[in-house]
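Quick notes on the structure that follows.
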DNA sequence: TGACACCGATGTGTGCTGACATCAAAACTC
DNA sequence: GAGTTTTGATGTCAGCACACATCGGTGTCA
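Chains as they are written, first to last, in the numbering used here: chain A, 150 to 395; chain B, 150 to 395.
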């Protein structure tokens, strides 16, 4: 009936609903009917049902017989799912999401650096040293695009080198944070000299297998990162997830 | 046509396929056809398609026109999804999964304790102190079931009290780790006196708003936990996720 | 007369099916 | 070998039957 389109109907439906739920347009408790969604999205039941099933697996909605499709409260969402994170970053939850990610990075990256010093393959260690030196040069030259690119790869290598697949999976989120910092002008024109040194320290320590030192240097980087980013989530209220008693 | 059943067909299909993929029965690159899955699971196209869509959102499979449904390599799976974690814990990836979770906990819990000391609501702080005392009593009495229950609630409260929803979301995984430790006999008959003291230290420090001290004490707990659990993942090879160049 | 239990109507999610559209791999033609 | 056609898989649609939670009416008993 319709002509060709770039993204599939399924993808569009998931995107449409997910963004509106996470974005706060559809509040928790809001009930939708499958039939109503068909009309709204101009798609058939299969598409709606498959999309709802995906959103259900993300914890965004639940389906109840005789009631409909109900939007779940935010604390039921899977905060580690890339889709949920993307929707939150695009909507009003942006500040809180950035803070969560920054705090997670602060916890994980030092641990990852320590593990990388113990476990990373040799090739990765030497590349890390090279990149830290290139970051210093790009930083001194004020070449921020190159610096950003190197920075992203640096942190990705540390996470990957930990040999922990959960840490490695955070690469995407870290990339988001790093690009966001530059895009939103929370980055100084020239990187701090200390930050450049800390990156070199991390690389050196990992190359030398000195886990303790790698963790320390990574902690320094994260402290500085938090300091740079914190203005973007000022006054964001914290949410305390209830602990359900069993 | 069919009679009633306890779990939905959709749920069964997701479970069946997910467990077999994560469990390694269906290796990466293996291609299935939707029609073939209908026969295998004795369900209709709708059920198969909705299940495949969910698995797709977990990164377990991809669908390619003219080819079929292809199993993706493990590094594409979402390692934070509760379903994936459960399947890994049930299958041959159990050791590696436990190590990943333990390392993640080691990184996150000290950070969560520090944040809780800064942000947690008063009520949560005092409950934490109460629980740490009850843990000491149960520990001295050798009442391990009660101790486990209190231990779980203790760590859940710390994660929740951090006010970081990503940390709070790890409650389920931590619970899994704690119960696993007792069930698999990796727990001493009486908890170590030092461990009991550390739990009280964490609670006290959070109650006093001393983030530094809370982090330190939580680190001690995690060091001990790792020492207790590490036998269960000895000789598990580490996997280094490739960092794709953009 | 009023309170309560029962029970059937109703509507909505669940599941099944046949048909057609779409698109990319593979086979074919020149 | 390049371009075209065929083919076979997923994508999408629409209609139907069924299970079942909810609601409201009806009957019974106090």
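All C-beta atoms in this analysis are idealised placements derived from N, C-alpha and C, irrespective of residue type, glycine included.
Subject >> Top-ranked residue by Cα proximity to residue 466 (chain A), from A:281, A:226, A:195, A:160 >> reply: There is simply no residue 466 (chain A) to check, as chain A begins at 150 and stops at 395 in what is shown.
Subject >> Whole-angstrom distance between residue 212 (chain B) and residue 198 (chain A), CA atom to CA atom >> reply: 18 Å
**OP:** Could you tell me whether any Cβ in chain B is nearer than 7 Å to the Cβ of residue 260 (chain A)?
**Re:** yes
Subject >> Neighbourhood of residue 222 (chain B) by C-beta, 6 Å cutoff - its chain only, sequence neighbours within 5 removed >> reply: 177
Original post:
By Cβ distance below 7 Å, which residues in the same chain neighbour residue 359 (chain A) in space, the five residues on each side in sequence not counted?
Top reply: 266
**OP:** Please list, in chain order, all residues of the same chain as residue 312 (chain B) whose beta carbon is under 8 Å from its beta carbon, the five residues on each side excluded.
**Re:** 264, 265, 268, 269
**OP:** Indicate, with yes or no, if the ligand ADP has a heavy atom lying under 6 Å from the CB of residue 235 (chain B).
**Re:** As far as ligands go, the structure on display features none, and thus does not contain the ligand ADP.
Original post:
Leaving out the 5 sequence neighbours to the left and right, which residues in its chain are closer than 7 Å to residue 153 (chain B) when beta-carbon positions are compared?
Top reply: The pLDDT assigned to residue 153 (chain B) is 41, lower than 50, so where the model puts this residue is not dependable; a value taken from the coordinates is nonetheless given after this. Closer than 7 Å at Cβ, skipping near neighbours: no residue.
Subject >> Backbone CA spacing between residue 166 (chain B) and residue 242 (chain B) [nearest angstrom] >> reply: 16 Å
Subject >> Candidates A:369, A:310, A:283, of which the one nearest residue 298 (chain A) by Cα >> reply: A:283
Original post:
Which residues, taken in chain order from the segment 358-381 of chain A, show a beta carbon closer than 7 Å to some beta carbon of chain B?
Top reply: none
**OP:** Over the uninterrupted beta strand (DSSP E) stretch that includes residue 212 (chain B), give me the two end residues.
**Re:** 210-213
Original post:
For residue 173 (chain B), which of B:322, B:238, B:159, B:285 has the nearest alpha-carbon?
Top reply: B:238
**OP:** In angstroms with no decimal places, state the Cα-to-Cα distance between residue 280 (chain A) and residue 373 (chain A).
**Re:** 19 Å
Original post:
Which residues, taken in chain order from the segment 209-241 of chain B, show a beta carbon closer than 8 Å to some beta carbon of chain A?
Top reply: 223, 224, 227, 228, 229, 230, 231, 232
Subject >> First through last residue of the alpha helix (DSSP H) which encompasses residue 171 (chain A) >> reply: 158-171
**OP:** Could you tell me whether any Cβ in chain B is nearer than 7 Å to the Cβ of residue 154 (chain A)?
**Re:** Because residue 154 (chain A) sits at a pLDDT of 44, beneath the cut-off of 50, its placement in the model cannot be relied upon, and the following sentence gives the value as read from the coordinates. With 7 Å as the cut-off, residue 154 (chain A) does not count as an interface residue toward chain B.
Original post:
Whose Cβ in chain B lies nearer than 8 Å to the Cβ of residue 264 (chain A)?
Top reply: 252
Subject >> Where residue 332 (chain A) meets chain B, residues with beta-carbon distance less than 8 Å >> reply: Under the 8 Å cutoff, chain B gives no residues; its nearest Cβ is about 16 Å from residue 332 (chain A).
Subject >> Beta-carbon contacts of residue 190 (chain A) that lie in its chain and below 6 Å, excluding the five residues immediately before and after >> reply: 162
Original post:
Cβ of residue 203 (chain B) within 7 Å of Cβ of residue 210 (chain B)?
Top reply: no
Original post:
With 16 as the cutoff for other CB atoms within 10 Å, does residue 150 (chain B) come out buried or exposed?
Top reply: Low per-residue confidence applies at residue 150 (chain B): pLDDT is 41, beneath 50, and the placement is therefore not dependable, though the value from the model is reported in the following sentence. Exposed, since its Cβ has fewer than 16 Cβ neighbours within 10 Å.
Original post:
In the structure shown, what three-state DSSP assignment does residue 217 (chain A) receive?
Top reply: strand
**OP:** Please name the residue or residues paired with residue 180 (chain A) in a DSSP beta bridge.
**Re:** A:219
Original post:
Which chain A residues sit within Cβ distance under 7 Å of residue 115 (chain B)?
Top reply: The first residue shown for chain B is 150 and the last is 395, placing residue 115 (chain B) beyond what the model contains.
Subject >> Residues near residue 187 (chain B) by beta carbon distance below 7 Å, same chain, minus five either side >> reply: 193, 194, 197
**OP:** Output yes or no for whether 7 Å exceeds the beta carbon distance between residue 326 (chain A) and residue 277 (chain A).
**Re:** no
Original post:
Contact check, residue 338 (chain B) vs residue 291 (chain B) under 8 Å by CB: the rounded distance?
Top reply: 7 Å
Subject >> Extent of the continuous alpha helix (DSSP H) to which residue 265 (chain A) belongs >> reply: 243-268
Subject >> Partners in chain A for residue 270 (chain B), counting only beta-carbon separations shorter than 9 Å >> reply: 389
**OP:** State yes or no: is the beta carbon of residue 202 (chain B) nearer than 7 Å to at least one beta carbon in chain A?
**Re:** yes
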